[in-house]
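Here the structure is laid out as structure tokens; the discussion comes afterwards.
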Amino acid sequence: MFQALRVPLLYQVIAVLSFVQTVYGITSIPNATWSEPSFDYCAALPDPDACLRIQTEARLANQSPLSKGTPSVMYMQLHTKSIITNADANSTAIFYPRVDDYSELVIPDSWGNLVDDLSDATFPTVSMTLLNRDKIWTLPELQWAIRFNGIIHYVPFRTALVVLDNGNVVDFKWMPTTCTLSTCPCVDNICAVVCPDTNCNLKVYVAWSGTDSSGAIMDSASRDIWRLQNAL
């Protein structure tokens, strides 16, 4: 069972808050509209400006190629629509997962954000954005919850994959999933499940493949939980 899986080298990156393949030139950087994330993974030194420094470097066109263990800049974006006013609402949280760490990006206490405006016509979608070398790589929005037979089902997690070539980003994509041969409620090619205690969180894993700036092969993508779970 999934709960029994042991996945080595999993790094959890949590935004501290109560509620956070297209390449674009930098004309608009997503802003963190949820509370600021924890700073403890931004830098090894206790520098209060560490996160800002990482973002500033990622905005440089001549940013150094990425190497294993160095922080990257990612934004998790949640889009919802009010069932009363039909108005759009967008929230963004910023994270700094390290290269080739298999990272878990979590928004604590985010269940209400996922389901408060859920209906047959309105549902939450999630996207991820990677900021690197003065460009943003944005993943397509995917649905994150559904009503099935009158019961709320949600996507417990997905994985975003970064592909590097000698430390340069060449691809950023959702890891492929499928509901083939499953009787589960299928949401954008992944099985949705019932939250057991109405306290389930928005969660995205980040994995890496390819080679870093020194040519070292990255292997965190081989530890993707969805792949391991469905291989059993």
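Note that the sequence shown covers residues 896 to 1127 in the working numbering. Ideal Cβ placement from N, Cα and C applies to all residues, glycine included. For clarity, every value in this text was computed on a predicted model and none was experimentally measured.
Item checked: For Val1101, the first and last residue of its enclosing beta strand (DSSP E) -> Position 206 of the sequence shown holds residue 1101. Its beta strand (DSSP E) spans residues 1097-1105.
Margin query: Taking 8 Å as the threshold (C-beta atoms), are Ala1116 and Ala1102 in contact?
Written below: In the sequence shown, counting from the first residue as 1, residue 1102 sits at position 207. In the sequence shown, counting from the first residue as 1, residue 1116 sits at position 221. Yes, they are a contact pair.
Notebook entry, point to check: Do Leu1034 and Phe1067 have their C-beta atoms within less than 8 Å of each other?
Noted result: In the sequence shown, residue 1034 corresponds to position 139, counting from 1. In the sequence shown, residue 1067 corresponds to position 172, counting from 1. Yes, the pair counts as a contact, with Cβ atoms nearer than the cut-off.
Margin query: Tell me the rounded alpha-carbon separation between Ala982 and His974.
Written below: For the purposes of this step, residue 982 is taken as the residue at position 87 of the sequence shown. For the purposes of this step, residue 974 is taken as the residue at position 79 of the sequence shown. The alpha-carbon atoms of Ala982 and His974 are separated by roughly 11 Å.
Check: Since Phe990 sits in a beta bridge, which residues does DSSP pair it with?
Finding: Indexing the sequence shown from 1 puts residue 990 at position 95. Under DSSP, the beta-bridge partners assigned to Phe990 are Met969.
Next item on the list: Would you kindly work out how many angstroms separate the C-alpha atoms of Ala1114 and Thr1075, rounded to a whole number?
Entry: For the purposes of this step, residue 1114 is taken as residue 219 along the sequence shown, with counting starting at 1. For the purposes of this step, residue 1075 is taken as residue 180 along the sequence shown, with counting starting at 1. According to the sequence shown, residue 1114 is Asp rather than Ala. If you draw a straight line from the Cα of Asp1114 to the Cα of Thr1075, it is about 26 Å long.
Margin query: Rounded to whole angstroms, what is the Cα-Cα separation between Val1021 and Gln972?
Written below: Here residue 1021 refers to the residue found at position 126 when the sequence shown is read from its first residue. Here residue 972 refers to the residue found at position 77 when the sequence shown is read from its first residue. The alpha-carbon atoms of Val1021 and Gln972 are separated by roughly 6 Å.
Next item on the list: Return the CA-CA distance between Cys1081 and Asp944, expressed in angstroms with no decimal places.
Entry: On the sequence shown, position 186 is the one that residue 1081 refers to. On the sequence shown, position 49 is the one that residue 944 refers to. Straight-line Cα distance between these residues: approximately 42 Å.
Next item on the list: For Ser1109, I'd like the list of residues in its chain whose CB is within less than 7 Å of its CB, leaving aside the five on either flank, ordered along the chain.
Entry: Residue 1109 sits at position 214 when you count from the first residue of the sequence shown. For Ser1109, where only same-chain residues beyond five positions count, the Cβ hits under 7 Å are Ser962.
Next item on the list: Return the chain-ordered list of same chain residues with a C-beta closer than 6 Å to the C-beta of Pro966, the five sequence neighbours on each side being excluded.
Entry: On the sequence shown, position 71 is the one that residue 966 refers to. Excluding five sequence positions before and after Pro966, the CB atoms of its chain that fall closer than 6 Å to its own CB belong to Ile949, Tyr991, Arg993, given in chain order.
Notebook entry, point to check: So what's Arg1053 in DSSP terms, helix, strand or just coil?
Noted result: Numbered from its first residue, the sequence shown carries residue 1053 at position 158. Note: Arg1053 maps to strand in three-state DSSP.
Check: Between the C-alpha atoms of Pro1003 and Pro960, what's the straight-line distance to the nearest angstrom?
Finding: Here residue 1003 corresponds to residue number 108 of the sequence shown, with the count starting at 1. Here residue 960 corresponds to residue number 65 of the sequence shown, with the count starting at 1. Approximately 32 Å, taken between the alpha carbons.
Next item on the list: Only counting runs of 4 or more residues, tell me where the alpha helix (DSSP H) segments fall wholly within the region 973-1053, in order along the chain.
Entry: Runs found: 1006-1010.
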